[in-house]
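Trainee: Here the sequence shown is numbered in the numbering used here, starting from 974 and rising by one per residue.
The structure follows.
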Amino acid sequence: MTTVLVADDDADFRELVRIVLESLGSDVLEAADFSQAVDVARAAEVPIALVLLDYFMPGDRETAVEELRKLVGERRLILATACDDPKRLAGTLKIRRTLPKPVDLAALEAAVRSLNGVH
């Protein structure tokens, strides 16, 4: 089973993504800010296949992203944001993958499926 960490300060967004991911058979961990995302990733008892991160959350985003990169790996990080230029924001954090908000559910599903089995 795939475990996904959804880090977003919008509880409704986290719930929607959780419902979709659980329907795909994923376990979902949630965090409401950058610090909590790192804490949840550290405490995870199973490998995290994907971290879906919002850019505009409380906390030190650069430090948290660097720590998450160490904990789960570069390929597992995806930036989800409603800004006009998500690739530019992702570039500031050296995150290669983005999902614009509102998130296209088919794109989210494809992202999760593409990471199944990646260690």
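All C-beta atoms in this analysis are idealised placements derived from N, C-alpha and C, irrespective of residue type, glycine included.
Would the beta-carbon of L1050 fall within 8 angstroms of that of R1070?
Mentor: Taking the first residue of the sequence shown as position 1, residue 1050 is located at position 77. Taking the first residue of the sequence shown as position 1, residue 1070 is located at position 97. Cβ distance < 8 angstroms, so L1050 and R1070 count as in contact.
Trainee: Determine, using beta-carbon pairs with one atom in the stretch 1020-1031 and one in the stretch 992-1009, whether at least three such pairs fall under 8 angstroms.
Mentor: yes
Trainee: Provide the residue span of the beta strand (DSSP E) that contains I1051, from first to last.
Mentor: Taking the first residue of the sequence shown as position 1, residue 1051 is located at position 78. L1050 to T1054 is the extent of the beta strand (DSSP E) around I1051.
Trainee: Compute the Euclidean distance between the alpha carbons of D1057 and D1027, then round it to the nearest angstrom.
Mentor: If you number the sequence shown from 1, residue 1057 lands on position 84. If you number the sequence shown from 1, residue 1027 lands on position 54. Their backbone Cα atoms lie some 14 angstroms apart in a straight line.
Trainee: Confirm, please, whether the CB-CB distance from A1014 to V1045 is below 8 angstroms.
Mentor: Counting from one through the sequence shown, the residue named residue 1045 turns up at place 72. Counting from one through the sequence shown, the residue named residue 1014 turns up at place 41. The answer is yes: Cβ separation under 8 angstroms.
Trainee: Quick one: using the 10 Å Cβ neighbour count with 16 as the cut-off for buried, is S1093 buried or exposed?
Mentor: Missing from the structure shown is residue 1093; the chain here goes from 974 to 1092 and no further.
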